[in-house]
Amino acid sequence: MSGTDASLTISVVICVYTEDRWDDILAAVASVRAQSHPARETLLVVDHNEALRERLLKEYEERQDVRVLANAGPRGLSAGRNTGIAASRGEVIAFLDDDAVAERDWLRHFAEGYADPAVVAVGGRTVPIWASGRRPVWFPEEFDWVVGCTYRGLPPGRVRVRNVLGGNASFRREAFEAAGGFATGIGRDGDKRPLGCEETELCIRLSRARPDAVLLIDDRAVIHHRVPEAREHFAYFRTRTYAEGLSKALVARSVGADKGLESERHYATRVLPAGVVRGLLDAVLARPGGAGRAGAIVAGVLTAAGGYVVGSVRARRGGDSFSVAPVEGRAHG
């Protein structure tokens, strides 16, 4: 799988929702336009913000390779992604966060993965850019998923995985034809609802629809993701881990706990205990933040577990749910 198909066409979808990220959005688009494997197009999907949509239309009115669309579904990231998938023309659809920039060879490494026809999804590595200029000393690398980044515990290199991570991922078009789109009701709604797991649920559903499907993460496909100051605090950490528990309960209810929590069991029983030991060792050696990192791991586990319990009860009572709609793509070629 070392070769790259230079003819492989890739559409990049960037979902946006606020003018507060204007400069980040422009930087994200510029990073796509600078790729060594050129994108066929960049689709900016605006989540129910007409002022932002009009501003972006004006900004890119002379760019044939950038298209601005309104989210055609309910508010939220999942429906925005589905809108982009349906409107895209590439053989592969890649997703980039609106507050991230991709390294020059990001799409090239994705394309290399698709040299194997069995591969239906390829994800990459997401590196945090902390607003304060450095990682908070208490913030454990094992929980970098809290801020949308690659976390300690994922295997290095190009490896087969259960699911890719949504802010830095790509899928063959036929993946959505086989399994449908992203589920609405579990993903983010701007900054108001820090849920997740929509890509996990999609990947599990895809593997059920296509048992022979191969999903990869290639850590050479790198993006740099901005972490705002508000997300560097423990209050956000606690909110996000609780929300992850809620989301995991919905996914487990849908696809079964065996698949829904398959990767999480290894993470909880191997990766996190090792992180606690490292933190305590750092504390004994008087290294900054060791005790805080160990404590944050324990707190994160307990908070996520609490969210999972609450989410499981809600799901059984029918209080929380999500839906999956087919994604009908337009003509492409």
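Heads up: the sequence shown is residues 30 to 362, going by the numbering used here. No residue lacks a Cβ here, since even glycine has one placed at the ideal position from N, Cα and C.
Near residue i, which residues of its chain fall below 6 Å by C-beta distance, leaving aside the five closest residues on each side in sequence?
i	result
S36	none
L85	L73 and V97
R260	V176
P317	V166
D134	S65
R239	A207
P169	G304, R322, A325 and I326
H138	D247, R249 and A250
T38	R69, G119 and E120
R294	none
A278	Y337, G340, S341 and A344
G308	G319, R322 and A323
Tell me the DSSP bridge mates of residue i?
i	result
G152	A198 and I246
P157	H254
R187	D247
C393	Within the shown structure, residues of the chain are numbered from 30 to 362, placing residue 393 beyond reach of any answer.
V95	T71
I39	V121
Buried or exposed for residue i, please, with buried defined as at least 16 other CB atoms from any protein chain shown within 10 angstroms of its CB.
i	result
S236	buried
Q93	exposed
P184	exposed
R345	exposed
T298	exposed
L136	buried
E258	exposed
A333	buried
L314	exposed
V306	exposed
V41	buried
L106	buried
K87	exposed
E373	The requested residue 373 is not part of the displayed model; the chain covers only 30 to 362.
L245	buried
V121	buried
G186	exposed
D53	buried
A150	buried
A144	exposed
G162	exposed
R189	exposed
E203	exposed
A394	Past the boundaries of the shown model lies residue 394; the chain is included only from 30 to 362, so the question cannot be answered.
Once the 5 residues before and after residue i are set aside, which same chain residues still bring their CB inside 8 Å of it?
i	result
A147	D241, A242 and V243
N100	C44, V74, V75, D76, H77, A108, G109 and T112
V130	A56, A57, A59, S60, I252 and H253
G196	F124, L125, D126, A129, T155, G177, I252 and H254
E412	It is not possible to answer for residue 412, since the shown part of the chain is limited to 30 through 362.
R50	D127 and D128
E228	N192, V193, L194, G195, A198 and F211
E291	R191
D34	A140, Y143 and A144
Suppose the cutoff is 7 Å on Cβ atoms and the five residues either side in sequence are ignored; what does the same chain contact list for residue i look like?
i	result
L301	E171, I326 and V330
G335	Y271 and G274
V256	P157, I158, W159, A160 and V176
G182	E171, Y296 and V300
G321	V166 and W167
G174	The sequence shown places Trp at residue 174, not Gly. Same-chain partners within the cutoff: Y180.
G102	A108, N111, T112 and T213
G265	What sits at residue 265 in the sequence shown is Tyr, not Gly. These residues qualify, in order along the chain: A259.
Next item on the list: Can you check the segment 48 to 93 for any beta strand (DSSP E) of at least 3 residues that lies completely inside it and give the ranges in chain order?
Entry: Listed in chain order, the beta strand (DSSP E) runs fully inside the segment 48 to 93 are 70 to 75, counting runs of at least 3 residues.
Notebook entry, point to check: If we count Cβ pairs, one from each stretch, closer than 8 Å, do we get three or more for the segment 70 to 90 versus the segment 40 to 55?
Noted result: Touching, yes, given that three or more Cβ pairs across the two stretches are closer than 8 Å.
Next item on the list: Please specify which runs of the alpha helix (DSSP H), each continuous and at least 4 residues long, are wholly inside the segment 98 to 185, giving them in chain order.
Entry: Listed in chain order, the complete alpha helix (DSSP H) runs (minimum 4 residues) inside the segment 98 to 185 are 106 to 116 and 135 to 142.
Check: So does the segment 266 to 278 actually touch the segment 198 to 213, counting three or more Cβ pairs closer than 8 Å?
Finding: Not touching, per the Cβ criterion.
Item checked: 4-residue-minimum alpha helix (DSSP H) runs that sit fully inside the segment 286 to 353, ordered along the chain -> Counting whole runs of 4 or more residues, the segment 286 to 353 contains the alpha helix (DSSP H) stretches 286 to 289, 291 to 295, 301 to 313 and 319 to 346.
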